[in-house]
Each structure stands twice: as structure tokens, then as C-alpha cells.
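*Asks:*
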Amino acid sequence: ETGVTQTPRHLVMGMTNKKSLKCEQHLGHNAMYWYKQSAKKPLELMFVYNFKEQTENNSVPSRFSPECPNSSHLFLHLHTLQPEDSALYLCASSHRGLAGVPPSYNEQFFGPGTRLTVL
Amino acid sequence: GESVGLHLPTLSVQEGDNSIINCAYSNSASDYFIWYKQESGKGPQFIIDIRSNMDKRQGQRVTVLLNKTVKHLSLQIAATQPGDSAVYFCAEAVRDNYGQNFVFGPGTRLSVLP
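Protein chains in written order, with our numbering: chain A, 1 to 119; chain B, 120 to 233.
(1) Using a Cβ-Cβ distance under 7 Å, would Trp154 of chain B count as near chain A?
(2) Glu84 of chain A by DSSP, collapsed to three states: which one?
(3) Are at least three pairs of beta-carbons, each pair with one atom in the segment 54-62 of chain A and one in the segment 1-14 of chain A, less than 8 Å apart?
(4) Identify each residue in the segment 150-178 of chain B for which the Cβ-Cβ distance to at least one residue of chain A is less than 9 Å, and report them in chain order.
(5) Below 7 Å between beta carbons: does that hold for Ile153 of chain B and Ala205 of chain B?
(6) For Asn50 of chain A, which residues from the same chain have a beta carbon less than 6 Å from its beta carbon, with the 5 sequence-adjacent residues on both sides left out?
(7) Can you look up Asp150 of chain B in the DSSP assignment and give me helix, strand or coil?
(8) For Leu127 of chain B, I'd like the list of residues in its chain whose CB is within less than 6 Å of its CB, leaving aside the five on either flank, ordered along the chain.
(9) Use the C-beta contact count for Gln177 of chain B: other C-beta atoms within 10 angstroms, 16 or more gives buried, fewer gives exposed.
(10) According to a CB-to-CB cut-off of less than 8 Å, which residues of the segment 47-81 of chain A neighbour chain B?
(11) How many Å lie between Val213 of chain B and Tyr144 of chain B at the Cα?
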């Protein structure tokens, strides 16, 4: 176990459904990430939260809405998804520095992922 | 026609042999690299990392080599075991004000033959 948990592990939803993915880290990290891993592309960074603030949004469609209520929890709210959104959604966490502080070298710890299928 | 999926390079090795997995990175300014292993049904797991001020780093049964001149990274696994079967990703750090994000390679599937 990496200390990062994700629920649910599997999710099947219709295009009109609303669902949420949950991630929790027990490592005391201050940054959390959502990645998309599909069969057609390498691992893609979607969102980054640093000290609960979103610091990166990699041109992700608005039908994906992240929420980070605290440094240990991260959600990905899903609404009116498309079949091409079917993928493995991975959450990760790491230590991250403060703006202006010399760069850090910190690995990211991944959860097991949620396998999402959009019908 | 439409591709049915990402074509992962595949490396097949005999159990007990050494494996070498290669990765090319794109940013000459990248100063930190990680190799991850992803087994079926699991998320990527850290194997070993290396900073750009080094050209070699060794772990338990694994060695990472960094050639900055040609922007190439390799992972060597000694005495490959069935449990090493997985997809291996290299990741290069992209700096921002807070630390780094990672750009991941497409991955290489390692199959260990009995």
C-alpha cells in the first residue's frame, strides 16, 4: 500500500449521470494530483492542488470538476461525461515546496486508481 | 483506421537475465527523473530516482543511467524475476514555483518468460 487510497475502484456511469471520485492520502503530503490514464495516451496530468489551492489545470474540460477541501482529501466530480472519458483515473500526492523556495525533489505516490467506464 | 490503443514497446526477457528499459526525454533543462513500475490493476509505484548532477544510481537489483548529452534514461534490472513483469514508466520533472510536476513517457511493458 502506498498510503493513497481511492474510491470507488470501478465505476460505470451513463453520460447524463453525476458521480464523484474520492482520493485520500495518509502521508502528510501537501500536494495532490489527478491523472488520467487511457489506452490511447500516456499518463496525463489533469489537476494539481498545492496546500489546497489549485495551481494547475491542464486544459481539462469543465465536465471534470476537482475539489480539495483539505490537504488529505481530493475529489473529482464528474458530470455529463463522454464515452472517450473512459479511462483509469489516478490520484497522487507528494511534498511540494513554497513559492520562491529552492526546488524540491520529491516523488509522487499514486493510489490504485478508479477504472471509469462511460456508456 | 483508428488505433485500438496505445502501442506499448514490449520487452520479453528470460527469468534470471538482465533487463534494460530505455526512455528518451524531451527537456534538456529537466533536473530530476523517476522510474515507476505499474502492475496490472495498480497505480504506478516508485522504483528509483536520479538527479541531473549524477549519471548513475543504484538500488536493490535496479540501476538507473542518465545520459544528458543525448537526453536518454535507462533502467537496468538485474536477475529479472516473474514479479518484475509490469509496465515501466520514466518521468521527467518540469519545474514550477512550487516544486515539480512530472511528464510521463508512454511506458514499456516487461514480460518475464519462465
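Beta carbons are placed, not taken as given, at the ideal position from N, Cα and C, and that holds for glycine.
*Replies:* On the basis of the data shown:
(1) no
(2) helix
(3) no
(4) Asp150, Tyr151, Ile153, Tyr155, Gln157, Gly160, Lys161, Gly162, Pro163, Gln164, Phe165, Asp168 and Arg170
(5) no
(6) Ala31 and Arg96
(7) coil
(8) Gly226 and Arg228
(9) exposed
(10) Val48, Asn50, Thr55 and Glu56
(11) 11 Å
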